[in-house]
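Worksheet: the structure to be examined is printed underneath.
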Amino acid sequence: MRQIQKLGSCMATDADGYLINECRWEQIQPPWLKLVADLRDACVSQWGDRLHSLYLRGSVPRGLAIPEISDLDSIAILQDEPGAESAAAIRLLQTELTRRHPFCSKVEVVLLSLTDMQSSTSLWAAIVQTQGLCIYGDDLRSQLPRCKPGMALISHAFDLADDLADTQAYLRQLPSYHPQLDTWIKTRCSWLARRMVRTGFELVMTSEGTFTRDLYPCYESFSRYFPAQEPLMRKALELAIQPSANRAGILMFFSHFGSWLVETVASTFPAA
Numbered sequence: 053m054r055q056i057q058k059l060g061s062c063m064a065t066d067a068d069g070y071l072i073n074e075c076r077w078e079q080i081q082p083p084w085l086k087l088v089a090d091l092r093d094a095c096v097s098q099w100g101d102r103l104h105s106l107y108l109r110g111s112v113p114r115g116l117a118i119p120e121i122s123d124l125d126s127i128a129i130l131q132d133e134p135g136a137e138s139a140a141a142i143r144l145l146q147t148e149l150t151r152r153h154p155f156c157s158k159v160e161v162v163l164l165s166l167t168d169m170q171s172s173t174s175l176w177a178a179i180v181q182t183q184g185l186c187i188y189g190d191d192l193r194s195q196l197p198r199c200k201p202g203m204a205l206i207s208h209a210f211d212l213a214d215d216l217a218d219t220q221a222y223l224r225q226l227p228s229y230h231p232q233l234d235t236w237i238k239t240r241c242s243w244l245a246r247r248m249v250r251t252g253f254e255l256v257m258t259s260e261g262t263f264t265r266d267l268y269p270c271y272e273s274f275s276r277y278f279p280a281q282e283p284l285m286r287k288a289l290e291l292a293i294q295p296s297a298n299r300a301g302i303l304m305f306f307s308h309f310g311s312w313l314v315e316t317v318a319s320t321f322p323a324a
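Mind the numbering: the sequence shown is residues 53 to 324 in this note's numbering, read in order.
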């Protein structure tokens, strides 16, 4: 059983309070280097001149990736709109890279257009600026505004109500007799629990004056401001790391703590 470890950190800020991007090419360690090279080659092969740039984010470009646990997260920017055929290509690319590099839990490629990235309301622009490492093409970061901790970096809180409803419906509808039932339940359990933990941090991000997606620092920061909810957030952290196949149990937990989080998001960000 995986144990909770005090891994990860919050991002540093400069003298003016802007977040400092910690991603560096030299921090990518084996065996991730070969996977990163294969990802880059696959994207160039798939989109050619349409590919404007390709970025890594997450634990890999920070040198913190753990084999068998960490994902490879990336963002591909196209010169034009992706289209339906690109979505199908992404699914095949992700599946093939994960098969060839089984030490990686999942390969994720978010596909966006250059217009999407240059929008003044783009969440992805803030993510690339603060958490991205360009591994191909023209690096957009010099053209993007710098970011301080705040609304521009909220990526889970405003979707949590829908994520909860979708997950609860999905779990209830799974056929009990299917041989992959436990795997499906655990996969969705971990997915939603991670969002809950990161939502907890988004509630206190501005007060903390920093940013992180690392699960333990998210839990730790949240618990300083909401000590009465610390046991429930710790349970969410446990489910994110060691998901359960107890469908009834996790449905009850998601309904109880998830509802509290959704209500707290609504009261914390009423204008949103």
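The beta carbon of each residue, even a glycine, is placed where N, CA and C say it ideally should be. From a predicted model like this one, the values you see are computed outputs, not experimental measurements.
Option nearest residue i by Cα separation, candidates the options
{"i": "Phe278", "options": "Thr147, Trp99 and Val317", "result": "Val317"}
{"i": "Ile302", "options": "Pro134, Leu223 and Ala280", "result": "Leu223"}
{"i": "Asp90", "options": "Glu133, Arg151 and Gln57", "result": "Arg151"}
{"i": "Thr167", "options": "Gln181, Glu133, Ala178 and Lys200", "result": "Glu133"}
{"i": "Tyr70", "options": "Leu164, Arg286, Leu149 and Leu196", "result": "Leu196"}
{"i": "Leu313", "options": "Leu226, Arg299 and Asp211", "result": "Asp211"}
Residue i and residue j closer than 8 Å at C-beta
{"i": "Ile127", "j": "Val162", "result": "yes"}
{"i": "Cys270", "j": "Arg247", "result": "no"}
{"i": "Cys186", "j": "Tyr107", "result": "yes"}
{"i": "Leu87", "j": "His153", "result": "yes"}
{"i": "Ile80", "j": "Gly135", "result": "no"}
{"i": "Gln183", "j": "Leu145", "result": "no"}
{"i": "Leu103", "j": "Gly202", "result": "no"}
{"i": "Phe309", "j": "Ala288", "result": "yes"}
{"i": "Pro283", "j": "Cys241", "result": "no"}
{"i": "Ile179", "j": "Arg109", "result": "yes"}
Residue i versus residue j - alpha carbon distance
{"i": "Ser105", "j": "Leu192", "result": "8 Å"}
{"i": "Glu325", "j": "Ser111", "result": "Nothing about residue 325 can be read from this structure; the chain reaches only from 53 to 324."}
{"i": "Pro82", "j": "Pro119", "result": "10 Å"}
{"i": "Phe305", "j": "Ser194", "result": "43 Å"}
{"i": "Thr65", "j": "Ile121", "result": "28 Å"}
{"i": "Gln232", "j": "Gln225", "result": "14 Å"}
Exposure of residue i, with buried meaning 16 or more beta-carbon neighbours within 10 Å
{"i": "Gly100", "result": "exposed"}
{"i": "Leu291", "result": "buried"}
{"i": "Glu254", "result": "buried"}
{"i": "His230", "result": "exposed"}
{"i": "Ile237", "result": "buried"}
{"i": "Ala323", "result": "exposed"}
{"i": "Gly252", "result": "buried"}
Taking the runs of the beta strand (DSSP E) that are 3 residues or longer, which of them lie wholly in the segment 131–194?
Listed in chain order, they are 159–165 and 185–189.
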